[in-house]
Amino acid sequence: MVATPEPRAQDPEPVGAALPRTEPLPAEGTWFLAKANLQLLIDQLRADGRIVLGPTVADGAIVIDEVRSVEALPVGWRDHQAPGHYRLERRTDGAAATRIFDFTVGPQSPKRWTFPPRTPLAVGRRDDGRVRHEPVAPKPPKLAFLGLRACEIAALEVQDRVFLGGPFVDPDYEARREAAFIVAVECAVAGGTCFCTSMGTGPEVTRGYDLALTELDEGFLVRAGSRAGADLLGRLPLSLPSADQLNRATEQRARVRAAIGDPVATRGLRDRLLAQWDSPRWAAVAERCLLCANCTLVCPTCFCSSVEQRSDLDGRTATMERVWDSCFTAGFAKVAGGSFRSRPRDRYRQWLTHKFATWIDQFGTFGCVGCGRCITWCPVGIDVRAELAAIAPPFEVAAEPLAVPAVGGPAEFRPARIREVRHETADTTTLLLDQLHPAFPAGRPGQFVMVNLPAFPPLPISISRFHPDAIELTIRAAGPATTALIGLPVGHEIGLRGPLGTSWPLDRALGRDVVIVTGGIGLAPLRPLVDAIAAQRDRFDAVRLYYGARTPRDLLYREDLVVWGRDAEIEVSLTVDRAGPDWTGPVGVVTNLFDRASWDGRHAVAFVCGPERMMQVTVDVLRELGLADDRIFVTLERHMECGIGLCGHCQMGRFFVCRDGPVFSIAQLGGVFGREGI
Amino acid sequence: MSTHTEPPALAGLEWFGPNLNPEARARLAAMAKVVEYPPGAEVFREGEEATQFGIVTAGRIALRVLVPERGQTTILTCEPGDIVNWSALVPPYRSTSTGVAIEPVTLLAFDGAELRNALRHDCALAAVVYPRLLRAVARRLVATRNQLLDLFARQVGEPW
Chain P
3 MVATPEPRAQ DPEPVGAALP RTEPLPAEGT WFLAKANLQL LIDQLRADGR IVLGPTVADG
63 AIVIDEVRSV EALPVGWRDH QAPGHYRLER RTDGAAATRI FDFTVGPQSP KRWTFPPRTP
123 LAVGRRDDGR VRHEPVAPKP PKLAFLGLRA CEIAALEVQD RVFLGGPFVD PDYEARREAA
183 FIVAVECAVA GGTCFCTSMG TGPEVTRGYD LALTELDEGF LVRAGSRAGA DLLGRLPLSL
243 PSADQLNRAT EQRARVRAAI GDPVATRGLR DRLLAQWDSP RWAAVAERCL LCANCTLVCP
303 TCFCSSVEQR SDLDGRTATM ERVWDSCFTA GFAKVAGGSF RSRPRDRYRQ WLTHKFATWI
363 DQFGTFGCVG CGRCITWCPV GIDVRAELAA IAPPFEVAAE PLAVPAVGGP AEFRPARIRE
423 VRHETADTTT LLLDQLHPAF PAGRPGQFVM VNLPAFPPLP ISISRFHPDA IELTIRAAGP
483 ATTALIGLPV GHEIGLRGPL GTSWPLDRAL GRDVVIVTGG IGLAPLRPLV DAIAAQRDRF
543 DAVRLYYGAR TPRDLLYRED LVVWGRDAEI EVSLTVDRAG PDWTGPVGVV TNLFDRASWD
603 GRHAVAFVCG PERMMQVTVD VLRELGLADD RIFVTLERHM ECGIGLCGHC QMGRFFVCRD
663 GPVFSIAQLG GVFGREGI
Chain W
22 MSTHTEPPAL AGLEWFGPNL NPEARARLAA MAKVVEYPPG AEVFREGEEA TQFGIVTAGR
82 IALRVLVPER GQTTILTCEP GDIVNWSALV PPYRSTSTGV AIEPVTLLAF DGAELRNALR
142 HDCALAAVVY PRLLRAVARR LVATRNQLLD LFARQVGEPW
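For the protein sequence lines, the chains are P and W, in the order given. In this text, residue positions in the first sequence follow the working numbering: the first is 3, and each later residue adds one. In this text, residue positions in the second sequence follow the working numbering: the first is 22, and each later residue adds one.
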């Protein structure tokens, strides 16, 4: 499956929930805290001996600092963020003037306190030829974070995996994390660079908090997520929220989610990105990148560090300190002989592929939580959302809404009547089926149906032609079931399910040259595509069909081939593997028909169907003619039984061929196409 | 059967590639003859001495092999841009199939012995001709392998 993290199952325990919840919390549920009483919350946290760290306005930004009173919070302030842009606005009218958390995230994150920029690790001493290293024991302050957002809590959980989830547990991080109390606040506004929705981290706060607040104009909805949080709730003046308040909170969350949308297509992102080591975009983005490392410094999950020595003047005592480092710096990948990532493009690629791909291999989750800081605080406004879309665009075919079959369930076979039986070749027969469910004639070129004759196993068969009230299936005798099907008389019924699977993306070919390469019975799933092209011929440039068969007698649809060439301006070229003296056409493999062609593949889209080996050879030739992998489409054959991605037989890498295919682009298939044993 | 004429134009010489130097071009042009065959004409015959190497500039030549009980079977056709009878340059200089024109065919033809002699004594010319020849034979070999797989004969599993 795609390596999208499934955090619910494997995530570390939410913070504060480590204590076993053996009895109901004293303050279970959602409560209302009046705005005037927020100070009491701060006071109670301070009474517990905690330093309260919260948002406050300084230097034109909302930063995290000690907060002793509500007045220090950004009351009435709103932030405006965009790539390379951050501005604060003070609002003085109406309810907006009293809102405390109407902003998203500032440049800092709790990382600064859970993983400080500079942490003493040990003190080394050298005395009379002897050396001693004494570790510095962590002495973290008791903190309370006030106002952490869902993405920041997710970032802490990512860091938990890094520092606590491996064989080595970082003692400093562990101590700091345990000493922190978290008061989360749900975002009431969406920032211009936010994409938590895409990363699955927000905007709703669902875990990892001691207390969670949702701000309303008149106060806060508050709930506890740990015993410590529940204990604190018990010390606050609370009332039950009204239905109206609960509704407004729900609507506020929905507004934020809708405003952010889904700007990063994360499905399959890891694999797409790892297929792009050689993208020209790396060099293009490096032209803009200043290598300033801002993105890694503001990132709430970046954890790379170096150890520095701070020495006394006499050189006998040195403090070893861990300091933040960045993969964008010149020295980061340096060895004695030089740097492994000397070019800016190498460093940007390292950073982006780590965040969105290799992090998953290392830590089981994306290294990005969608907070948008790296976009806002990039001095040249490089937008990771846009770079991901440019470097590793989502698969167009996979992005199509999955075809939900009209007649889908594994038992839902609907009868269809054989109206006509047409013998195409010695072993191949076309059945014209009518009196069928209207979903079947409404299918799309490239789709297939599951066909069943009771007592025989169901078979996947491509639809080889659509009529207003009928479909055609072209079947080759290859076993008992197919032999039985093509031996049925006119008037007999068979059972159908579908139409199933993806279709040929004809829209990709509009205004372009079309190249269709096929062999043997592979013309059957392509015939509806050629029909569709012929019906709207002026929407395409040159259309060329290359078709190979075993012998002249094995050529399918001979009348259609003539009509397409004569009436639809489709250049039809035929070849056979062997022929008698009466055949005057070409003899040889199908690629011989076009491997020295003079047309420019860069303007073309190709649709290919045939035995897989033939398709591999064809794809190689098409590439040489200039076709990019994302414009070469093939249809794959696999063992299929259910046709809807549930039985598992047709799995190919991360795809179910029946559900995600059978039509794929070569780009989408990546390394699995033509690979042995997949 | 065949009509020999002096080359009015040298269609087919481009087969030798874009980097053909003027000396080599002149040398090849002096040896080349344009030969035309009507449909049905036998251009060369399997097992016989290959006297003539050719480049198809128009028409189609079927390469046939005799299969007892099946008769003459066409295994490949040579189209414009293809070479025929490369056996004229490779020992033992015997044709490996029978070439029959199935359309009016025009060949740019070279006498096998004359071209071999030229290649033996002109290293620069040989350096132009042999890589092209090897490439053409290799293309044919790879295609033949794919053909040998008889991919359309029986597809694995059920067809659809």
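All C-beta atoms, glycine included, are put in the ideal place defined by N, C-alpha and C. Predicted model only: the values in this text are computed from it and were never measured.
Practice prompt. Compute the Euclidean distance between the alpha carbons of P:Cys-306 and P:His-605, then round it to the nearest angstrom.
Written response: 45 angstroms
Worksheet item: Taking one C-beta from the stretch 442–452 of chain P and one from the stretch 492–501 of chain P each time, how about it: are there three or more such pairs within less than 8 angstroms?
Response: Yes, the stretch 442–452 of chain P is in contact with the stretch 492–501 of chain P.
Worksheet item: With burial defined as no fewer than 16 other Cβ atoms inside 10 Å of the residue's Cβ, what is the status of P:Asp-584: buried or exposed?
Response: exposed
Worksheet item: Looking at the unbroken beta strand (DSSP E) that takes in P:Phe-365, where does it start and where does it end?
Response: Here P:Phe-365 belongs to no beta strand (DSSP E); instead the alpha helix (DSSP H) covers 361–365.
Practice prompt. List the residues of chain W that P:Gly-582 touches, going by C-beta distances under 9 angstroms, in chain order.
Written response: Per Cβ cutoff of 9 angstroms: Arg-91, Gly-92, Gln-93, Thr-94, Thr-95.
Discussion item. Our contact map puts P:Pro-143 next to P:Ile-53 with C-beta atoms below 8 angstroms; I'd like the distance itself, whole angstroms only.
Written reply: Contact between P:Pro-143 and P:Ile-53 holds: their C-beta atoms lie close to 6 angstroms from each other, under 8 angstroms.
Practice prompt. Report yes or no: do the stretch 316–330 of chain P and the stretch 233–247 of chain P share at least 3 C-beta pairs separated by less than 8 angstroms?
Written response: In this structure the stretch 316–330 of chain P does not lie against the stretch 233–247 of chain P, because fewer than three pairs of beta carbons, one per stretch, are closer than 8 angstroms.
Worksheet entry | Span of the alpha helix (DSSP H) around P:Leu-563 | 560–569
Discussion item. Let me check understanding here. Comparing Cα to Cα, which of P:Leu-213, P:Ser-71, P:Gly-108 lies closest to P:Gly-31?
Written reply: P:Leu-213
Worksheet item: Which runs of the beta strand (DSSP E) fall wholly inside the stretch 236–319 of chain P and span at least 3 residues, in chain order?
Response: 307–313
Worksheet item: CB-CB under 6 angstroms to P:Leu-21, same chain, minus the five flanking residues each way: which ones, in chain order?
Response: Annotation note: pLDDT 41 at P:Leu-21 (below 50); position unreliable, no value reported.
Fill in: Run of the beta strand (DSSP E) containing W:Phe-74, from where it starts to where it stops
73–79
Discussion item. Pairs of beta-carbons, one from the stretch 588–597 of chain P and one from the stretch 95–103 of chain W, closer than 8 angstroms: are there three or more?
Written reply: yes
Worksheet entry | Run of the beta strand (DSSP E) containing P:His-82, from where it starts to where it stops | 79–84
Discussion item. Please tell me whether, using a cut-off of 7 angstroms, the distance from the CB of W:Asp-171 to the nearest non-hydrogen atom of the ligand ZN is below it.
Written reply: Of the ligands one can find in the structure shown there are none, so the ligand ZN has no counterpart to examine.
Worksheet item: Does the distance from the CB of W:Gly-80 to the CB of W:Ala-32 come in under 8 angstroms?
Response: no
Item to complete: Let me know if P:Lys-113 comes out buried or exposed under the rule of 16 or more other beta-carbons within 10 Å of its beta-carbon.
Response: buried
Discussion item. By DSSP's criteria, P:Ile-2 is part of a beta bridge. Which residues make up the other side?
Written reply: With chain P covering only 3 through 680, there is no way to say anything about residue 2 of chain P.
Worksheet item: How many Å lie between P:Pro-137 and P:Val-337 at the Cα?
Response: 27 angstroms
Practice prompt. In the DSSP assignment, find the alpha helix (DSSP H) that holds P:Thr-620 and state where it starts and stops.
Written response: Run containing P:Thr-620: 614–626, per the alpha helix (DSSP H) assignment.
Discussion item. Which runs of the alpha helix (DSSP H) at least 4 residues long sit entirely within the stretch 578–662 of chain P? Give them in chain order.
Written reply: 614–626, 659–662
Discussion item. Between the stretch 253–266 of chain P and the stretch 307–323 of chain P, can you find at least three pairs of beta-carbon atoms closer than 8 angstroms?
Written reply: Under the Cβ criterion (8 angstroms, minimum of three pairs), the stretch 307–323 of chain P does not count as touching the stretch 253–266 of chain P.
Discussion item. Any beta carbon of chain P sitting closer than 8 angstroms to that of W:Leu-172?
Written reply: yes
Discussion item. Can you check whether the C-beta of P:Thr-432 is within less than 8 angstroms of a C-beta belonging to chain W?
Written reply: no
Practice prompt. Taking only beta carbons into account, state which residues of the stretch 531–563 of chain P come closer than 8 angstroms to chain W, listed in chain order.
Written response: Gly-550, Ala-551, Arg-552, Asp-556
Worksheet item: So with Cβ pairs under 8 angstroms, would you call P:Val-574 a contact of chain W?
Response: No - not a single Cβ of chain W is within 8 angstroms of the one on P:Val-574.
Worksheet item: So is P:Phe-342 buried or exposed if we call it buried at 16+ other beta carbons inside 10 Å?
Response: Around the beta carbon of P:Phe-342, a 10 Å sphere encloses fewer than 16 other beta carbons of the protein chains shown; the residue is thus reported as exposed.
Worksheet item: Are the beta-carbon atoms belonging to P:Val-224 and P:Leu-35 less than 8 angstroms from one another?
Response: yes
Worksheet item: Considering only residues of the stretch 43–99 of chain W, which uninterrupted alpha helix (DSSP H) runs meet the minimum length of 4 residues and lie entirely inside it, listed in chain order?
Response: 43–52
Item to complete: Could you pull the start and end residues of the beta strand (DSSP E) that W:Thr-119 belongs to?
Response: 119–122
Fill in: Candidates P:Pro-118, P:Val-65, P:Val-164, of which the one nearest P:Gln-364 by Cα
P:Val-164
Worksheet item: What residues from chain W crowd round P:Pro-588, counting only those whose CB sits closer than 9 angstroms?
Response: Residues of chain W with a Cβ closer than 9 angstroms to the Cβ of P:Pro-588 are, in chain order, Arg-81, Leu-97, Thr-98, Glu-100.
Worksheet item: Can the beta-carbon of W:Ala-139 be found closer than 8 angstroms to that of W:Leu-146?
Response: yes
Worksheet item: Given that a residue counts as buried once 16 or more other Cβ atoms are within 10 Å of its Cβ, and exposed if not, what is P:Asp-662?
Response: buried
Discussion item. Within 8 angstroms of any Cβ in chain P, is that where the Cβ of W:Asn-167 sits?
Written reply: W:Asn-167 counts as touching chain P.
Practice prompt. May I ask you to list, following chain order, the residues of the stretch 592–618 of chain P that have a beta carbon less than 8 angstroms from some beta carbon of chain W?
Written response: Thr-593, Asn-594, Asp-597, Arg-598, Gly-612, Pro-613, Arg-615, Met-616
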